[in-house]
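Going by our numbering, the sequence shown opens with residue -7, and the numbers climb by one from there. Just so you know, even glycine gets a beta-carbon here, dropped at the ideal spot from N, CA and C. All values reported here derive from a predicted model rather than from experimental measurement. To start, the structure under review is shown below, and the notes come after it.
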Amino acid sequence: MLEVSLIMVKPHAFATKRMGTIISMLENNNFHIIGMKSIKLTLELARKFYFVHEGKEFFERLIKYMSSGTVAAICVEKNDCVAELRKLIGATDPSKAAEGTIRRVCGTTVGKNAVHASDSIENANKEVRFFFSDIELYSYRFIQY
Ligand code: DAT
Ligand code: MG
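What follows is the structure in structure tokens.
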């Protein structure tokens, strides 16, 4: 089924110029980029985005880090997009992520693991809406070449 998902490039990966590598990996794996922007999150926005983790030991560190620099939000579209994207990013800890995954290639630690990706279809739709309005997204199905 054609789905969308949200991938967010985290501050460290953005600042150390891993955007080109990450976008190439998305394109080489047949993800259609249908929306993209860079943004500096506030603490409040980061708190809102990661609210499911509120109360966890790492929560304050996570939201402080996510609001510490520029991030890129990328909306991708593909068949089975949510599961396929989770597969391409790899495990949360880059040292445990499979060879050739984005986190293995671009991540360093659990905190600085290069990217976020939505974990369910429901969350993907919410997270895409968190960053993008209607006019910022355009399904590749409608594009005339
Ligand atoms: P994922 O990003 O793979 O979906 P998650 O939803 O469990 O993982 O956690 C969200 C982010 O929080 C994760 O990308 C990095 C950070 N994080 C998770 N567990 C952590 C830990 N034990 N210490 C520090 N940061 C952690
Ligand atoms: Mg998660």
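Nearest to residue i (by Cα), restricted to the options the options
i: V97; options: M17, L(-2), M0; result: M17
i: A109; options: E76, V44, N117, I(-1); result: I(-1)
i: A106; options: I127, Y132, Y57; result: Y57
i: V1; options: I113, E128, R95, D126; result: R95
i: Y132; options: K79, H24, V44; result: H24
i: G82; options: I66, E128, A65, V102; result: V102
i: V63; options: I135, T8, E(-5); result: T8
i: G61; options: T100, E114, I31; result: I31
i: E119; options: I135, A65, Q136, T100; result: A65
i: N143; options: R10, E76, E91; result: Beyond the ends of the chain as shown, which are -7 and 137, falls residue 143; an answer cannot be given.
i: S125; options: F50, E52, E91, G27; result: G27
Boundaries (first-last residue) of the alpha helix (DSSP H) holding residue i
i: I138; result: Because the chain here runs from -7 to 137, residue 138 falls outside it and cannot be looked at.
i: K163; result: Residue 163 lies beyond the stretch modelled for the chain, which goes from -7 to 137, so this question has no answer here.
i: A90; result: Taken as a continuous stretch (DSSP letters only), A90 belongs to no alpha helix (DSSP H), as it is neither H nor E.
i: A83; result: Neither: A83 is in no alpha helix (DSSP H) and is coded neither H nor E.
i: K118; result: 113 to 123
i: E128; result: Segment: none, E128 is in no alpha helix (DSSP H) and carries neither H nor E.
i: R133; result: Counting along the chain, R133 falls outside any alpha helix (DSSP H), and DSSP gives it neither H nor E.
Limits of the beta strand (DSSP E) - the one that residue i falls within
i: L37; result: First-last for L37: 35 to 41, but that is the alpha helix (DSSP H), not the beta strand (DSSP E).
i: L(-6); result: -6 to 1
i: A106; result: Here A106 belongs to no beta strand (DSSP E), and DSSP marks it neither H nor E.
For residue i: DSSP bridge partner residues
i: I31; result: V63
i: I25; result: V68
Check your understanding: Would the region 38 to 47 and the region 68 to 82 be scored as touching if the rule is three or more Cβ pairs under 8 Å?
Key -> no
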